[in-house]
Amino acid sequence: MLVSLGIFIGLIFFGVNMSLMNFNRVVAPEHPLCLVDWQAGEGMVEILLLGESLRLPLDDDLPREARERACYLLRQGRIEAAEWLDLLRQKAREMRIKRGQVP
Numbered sequence: 001m002l003v004s005l006g007i008f009i010g011l012i013f014f015g016v017n018m019s020l021m022n023f024n025r026v027v028a029p030e031h032p033l034c035l036v037d038w039q040a041g042e043g044m045v046e047i048l049l050l051g052e053s054l055r056l057p058l059d060d061d062l063p064r065e066a067r068e069r070a071c072y073l074l075r076q077g078r079i080e081a082a083e084w085l086d087l088l089r090q091k092a093r094e095m096r097i098k099r100g101q102v103p
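Numbering (the working numbering), first residue to last: 1 to 103.
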């Protein structure tokens, strides 16, 4: 299923690419279209998709927010890992006690 989906999407992109090449060669060679192009400027990102342009503002707070979120997730991960390690230590100790190998 996944392979056939990949082949289908590949064929779609191949067809779009061939259509663009023929359009650029025959119809409008002075203004060629490209499938996807993007440019980053001062505070803006411009995305060109088949001749259509989309401008998006860059959020300056995004790197700070991403760093804060990553730090939060790391703290939560450390807490969860410590809880699992404590549980494993308790189980190992119980197993040693059952075998009579008390440390």
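Here a beta-carbon is modelled for each residue, glycine too, at the ideal position from N, C-alpha and C.
Among the residues of its own chain, which have a CB less than 7 Å from the CB of Pro57, if the five just before and after it don't count? Gly43 and Met44
3 or more residues per run - each beta strand (DSSP E) lying fully within the stretch 13-67: 36-40, 44-49 and 52-57
Could you check how far apart the C-beta atoms of Leu48 and Cys34 are, in whole angstroms? I think they sit under 8 Å. 7 Å
Suppose you measure from the CA of Leu2 to the CA of Arg55; what does that come to, to the nearest Å? Put simply, the backbone Cα of Leu2 is about 33 Å away from that of Arg55.
What three-state label does DSSP hand Met95 in the structure shown? helix
In this structure, how does DSSP classify Gly100 when only helix, strand and coil are distinguished? coil
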